[in-house]
Every structure is written in C-alpha cells, then in structure tokens.
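Take a look at the structure below.
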C-alpha cells in the first residue's frame, strides 16, 4: 500500500541553524500538508499546498517557515533560523483531493533544537 | 474551549472489553476523521465520516456522528493489547464559510488495553 515517507526520522540542530525536512507524498496525491506536534500537545496544522502554491497556512507558519515542491516527488519544509520552541514532531500528509478527503500521514521527523 | 476535545483523556480496559471514546467540536464541519497514534510514532488513519452520515463501521471500529450535538464517538469492540495507543478525532470544514481542508485535531484519548 502506498505511504507517505519522511526523512530524516530525527534531526538535531543548534538554535539559529536552518533545517530542511523532507517528505515524499503518495504519488497520485495533489494536496500536501505539514503539521507539527509538540511533545504532549495536540497536532497542529502548519500549511497546505496545492498546485505549487500555499493554499492555507496557520499563524504558526511565519516568515521563518517555507515549503517547496522542488521536483515531482518531494515536498519540503524549511525552517530558516530554528528556535528552541520549534522542537517538535513534524508530520507531512497528503490527500488525493482537497474536498475533505482522507489525509495520510507520514511517520514524522522529530526535530530537536538545542 | 477548543475544537476537538476528546474524553476521556485516558482509558484503561482489559483485553476483550469494548472501548468508547468521545469527541466534541465547536464549529460546523464537513468531515470528521479518527486517527491512531502509537507512542512517538506517526498518525494512522482509521475512519472518515461525513457530516451527512450518522454511523460508519470498519472491522472492529464503529464511529457515530451527531451533528446536532457536535459530537462523535469511536467504539473499538473486543479490544486487544495491540490497540493500546492514543486516539484523535480531527475535523475539517471544507466547503463551509471560511473553511479549508486543514484538519483540526482534538486532544486525544490515551487507551491502554491490558492483558
């Protein structure tokens, strides 16, 4: 069964450094998402992406964050200058359509900012 | 209070028993989905129920949706130790005023099934 994959599984970085989290969505899906989950808290929406542009973003997704689909398979989340409070599990998800269809999540990347 | 509150926060049962988890939400929705998360792992999709549906089954799972009460329940029958996980409801407001397809997650119920 097709699945969303994410790399790396765990990323440790120093505060102020840039990180890029990578995702390979399910191949025939058209909508892509990033969510994050701070330890012990709810899963929070960051951004959705369709047709090579951001379709929706949350207040969390400020100028330090950016997303890109550099080729036909990868979907990336970049954090330009990481802060301690960016430490969280970051989940990528994809869906076939946007009309309230099932979103399939990847296994996550645990980001630790020191 | 926030969109998507599950109760109970934690539930401990014996293997073979049924587990019921509830989710309440505040605003109108298009769909409600249930996900499972094993400790420190990714989110596994369990079931999606649309706002015009009242009940849905998948294997040992039964989900109900009451839009008049803005609530949903997830029933796991004949639970197994492998069902031990956190369970989350997530709503979207696709097609509704101001709604997109982002998911708004609840706080989750931690289920522990003991042998």
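Residue numbers (the working numbering), protein chains in the order written: chain A, 281 to 394; chain B, 7 to 121. Positions of the beta carbon are idealized from the N, C-alpha and C atoms, including for glycine. If you're wondering where the values come from, they're calculated on a predicted model, not measured in any experiment.
Exposed or buried, which one is residue 282 of chain A when buried takes at least 16 other CB atoms within 10 Å? exposed
If contact means a Cβ-Cβ distance below 9 angstroms, which residues of the region 364-386 of chain A contact chain B? 369, 371, 373, 375, 377, 378, 379, 380, 381, 382, 383, 384, 385, 386
Listing by chain order, which chain A residues have their CB less than 8 angstroms from the CB of residue 39 of chain B? 382, 383
Per DSSP, residue 118 of chain B is paired with what? B:18
Residues that residue 302 of chain A bridges to, as DSSP identifies them: A:287, A:356
Within a Cβ cutoff of 7 angstroms, which residues of the same chain sit near residue 73 of chain B, ignoring the five residues on either side of it in sequence? 57
Measure the C-alpha to C-alpha separation of residue 44 of chain B and residue 108 of chain B and round it to an integer number of angstroms. 22 angstroms
At least three beta-carbon pairs within less than 8 angstroms, the region 33-53 of chain B to the region 14-22 of chain B: no
According to DSSP, what are the bridge partners of residue 363 of chain A? According to DSSP, which records beta bridges pairwise, residue 363 of chain A is partnered with nothing at all.
Find out if the Cβ-Cβ distance for the pair residue 391 of chain A, residue 361 of chain A is shorter than 8 angstroms. no
Using only the alpha-carbon positions, how far apart do residue 302 of chain A and residue 77 of chain B sit? 35 angstroms
Just the chain B side, please: which residues come within less than 9 angstroms of residue 289 of chain A by C-beta, in chain order? Per Cβ cutoff of 9 angstroms: no residues; residue 289 of chain A is ~10 angstroms from chain B at best.
Nearest to residue 110 of chain B (by Cα), restricted to the options B:65, B:29, B:21: B:29
Residues, ordered as in the chain, of the region 72-88 of chain B that lie near chain A by beta-carbon distance below 7 angstroms: none
Backbone CA spacing between residue 308 of chain A and residue 284 of chain A [nearest angstrom]: 11 angstroms
Endpoints, beta strand (DSSP E) assigned at residue 369 of chain A: 368-375
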